[in-house]
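Student: Here it is, the structure, as structure tokens.
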Amino acid sequence: VFGALLWILWQRSSRILGTLRERALPLIGASLLLVAGVLLLWSHYTGAADLAVLSLSFAFLGAGAWLGGRRGFVALFIPAVFLLLLVPFPPVLSNSILFDMQMLTVRLAKASLDLLGVPAIVEGDQIRTGRGVFHVIESCAGFRILMTLLMSAILYSELFHLPRRRA
99 VFGALLWILW QRSSRILGTL RERALPLIGA SLLLVAGVLL LWSHYTGAAD
149 LAVLSLSFAF LGAGAWLGGR RGFVALFIPA VFLLLLVPFP PVLSNSILFD
199 MQMLTVRLAK ASLDLLGVPA IVEGDQIRTG RGVFHVIESC AGFRILMTLL
249 MSAILYSELF HLPRRRA
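So this note's numbering is basically just the index in the sequence shown, starting at one, shifted up by 98.
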């Protein structure tokens, strides 16, 4: 993932370096760099590597705003978002999202069984058929594949230099 990040930065290097002559946004840049520094210190204090990644994302945005103004911020926005996809969601939020996705998977599986003519009864996150009970677990909900697909889409749009609307 960090290799892909370096590649994205290399692809955008001329755009990033071209923003160095722009009017800087020192207040916004300093604020974002301060947040990055606090997160890095907190990451070191707690031993949480995900906070260090979050810190790097804020550092990108802060450096872009400080050195390149609005255009510098925009040039480093995609690499910062790419890094944010590495940061795990807080458990309360991910459990809420996962449960909804899990129930959607159950409903879609039931609809598919109905289309195939297989009688099935849904009981929470379980599907009863004549052959047994099938439990739809959290990892079947597709949350991680969505994160992977989003990262792949960012790489694809950078690789083929897609216009913003198409990307």
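No residue lacks a Cβ here, since even glycine has one placed at the ideal position from N, Cα and C.
According to the Cβ coordinates, are L149 and L137 closer than 8 Å?
Tutor: Indexing the sequence shown from 1 puts residue 149 at position 51. Indexing the sequence shown from 1 puts residue 137 at position 39. Result yes, Cβ atoms of L149 and L137 sit closer than 8 Å.
Student: Find out if the Cβ-Cβ distance for the pair F248, L154 is shorter than 8 Å.
Tutor: As a working note, residue 248 is residue 150 in the sequence shown. As a working note, residue 154 is residue 56 in the sequence shown. First, the residue type needs correcting, since residue 248 is Leu and not Phe in the sequence shown. Not in contact: L248 and L154 (Cβ atoms no closer than 8 Å).
Student: Which residue's Cα is closest to the Cα of I126: D198, F232, L165, L115?
Tutor: Reading the sequence shown from its first residue, position 28 is the one you call residue 126. Answer by Cα proximity: L165.
Student: Taking the CB atoms as reference points, tell me whether A161 and L174 lie closer together than 8 Å.
Tutor: Within the sequence shown, numbered from 1, the residue matching residue 161 stands at position 63. Within the sequence shown, numbered from 1, the residue matching residue 174 stands at position 76. In contact: A161 and L174 (Cβ atoms closer than 8 Å).
Student: Quick one, which of E256, A265, R262 has its alpha-carbon nearest R110's?
Tutor: Your numbering for residue 110 matches position 12 in the sequence shown. Here the closest residue by C-alpha is E256.
Student: In the DSSP assignment, what residue or residues form a beta bridge with T246?
Tutor: As a first step, residue 246 must be located in the sequence shown, where it is residue number 148. None, per the DSSP bridge assignment.
Student: So the alpha helix (DSSP H) A134 belongs to, where does it begin and stop?
Tutor: Translated into the one-based positions of the sequence shown, residue 134 becomes position 36. Note, A134: alpha helix (DSSP H), 124–144.
Student: By a C-beta neighbour count over all protein chains shown, 10 Å radius and 16 as the cutoff for buried, is P177 buried or exposed?
Tutor: As a working note, residue 177 is residue 79 in the sequence shown. Label assigned to P177: buried.
Student: I think T227 touches V216, with their Cβ atoms under 8 Å apart; what is that distance to the nearest whole Å?
Tutor: As a working note, residue 227 is residue 129 in the sequence shown. As a working note, residue 216 is residue 118 in the sequence shown. About 6 Å separates the two Cβ atoms, so the contact holds.
Student: Would you grab the beta carbon distance between A163 and F156 for me? Rounded to a whole angstrom, and I think it's under 8 Å.
Tutor: Counted from its first residue, the sequence shown places residue 163 at position 65. Counted from its first residue, the sequence shown places residue 156 at position 58. Between F156 and A163 the Cβ distance is about 11 Å, and since that is not below 8 Å, they are no contact.
Student: Do you know how far the Cα of L211 is from the Cα of E236?
Tutor: Working through the sequence shown from its first residue, we reach residue 236 at position 138. Working through the sequence shown from its first residue, we reach residue 211 at position 113. Computed Cα separation, rounded: 20 Å.
Student: With a threshold of 7 Å on Cβ separation, who are the neighbours of F180 within its own chain once the five nearest residues in sequence on each side are excluded?
Tutor: On the sequence shown, residue 180 is found 82 positions in, with the first residue counted as 1. L103, I106, M249, I252, listed in sequence order.
Student: Quick one: what's R226 bridged to in DSSP?
Tutor: Within the sequence shown, the letter at position 128 stands for residue 226. Per DSSP, I219, V231.
Student: Let me know the secondary structure DSSP gives F120 once reduced to three states.
Tutor: As a first step, residue 120 must be located in the sequence shown, where it is residue number 22. The sequence given here has Glu at residue 120, not Phe. It is coil, neither helix nor strand.
Student: Nearest-angstrom Cα distance between R264 and G101?
Tutor: Translated into the one-based positions of the sequence shown, residue 264 becomes position 166. Translated into the one-based positions of the sequence shown, residue 101 becomes position 3. Computed Cα separation, rounded: 25 Å.
Student: Could you tell me which whole beta strand (DSSP E) segments of length 3 or greater appear in the region 158–209?
Tutor: Complete beta strand (DSSP E) runs here, min 3: none at all.
Student: Let me know if G167 comes out buried or exposed under the rule of 16 or more other beta-carbons within 10 Å of its beta-carbon.
Tutor: By 1-based counting over the sequence shown, the position of residue 167 is 69. Buried, since its Cβ has 16 or more Cβ neighbours within 10 Å.
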